[in-house]
Amino acid sequence: MNHSYTTMDAIGDILVIYGIVIVVSMLVAVVIRGIVWTLSRQVQAEAKPVAKPAPATPQPAIAGIPQQHLAVITAAVAAMFGAHRIVRIETPMHGYSWTAEARSVHHTSHAPRAAR
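The numbering used here puts the first residue of the sequence shown at 25, with every later residue one more than the last.
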């Protein structure tokens, strides 16, 4: 009884394993879908109309940089950089450029250094 493991036996085993994986994956997907459906129904049932808060009273506008300060800053910039044209003065946008810069500095600090 010398039965050798042939290529066709291996292909058959592979197909059986793929079938099992597909069935288990589908069962897991159905369970996850059921959990999501149940939780969404609970959230909808618990949601009640919330009373609207009273509208906020408008705050008076705060004046920008005083003209004297702006003149001093402009004079200091002109003294440092020479003759330049100021194209625009605006408040900085609240973004994440400082985090990108910090990340860049951090990553470049890991660069291998040349042997001394």
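Every residue, glycine too, gets a C-beta built ideally from N, C-alpha and C.
Keep in mind it's a predicted model, so treat the numbers as computed, not measured.
- For Ile35, the secondary structure class from DSSP, reduced to helix, strand or coil, is helix.
- Counting along the chain, Ala102 sits inside the alpha helix (DSSP H) bounded by residues 91–105.
- In the structure shown, Arg112 falls within a coil segment according to DSSP collapsed to helix, strand and coil.
- DSSP places His130 inside the alpha helix (DSSP H), whose first and last residues are 121–132.
- The C-alpha of Pro90 is placed about 17 Å away from the C-alpha of Val101.
- Shown here, Gly88 sits in coil according to DSSP, grouped into three states, outside any helix or strand.
- Its chain contains no residue whose beta carbon lies nearer than 7 Å to that of Val60 once the 5 sequence neighbours on both sides are disregarded.
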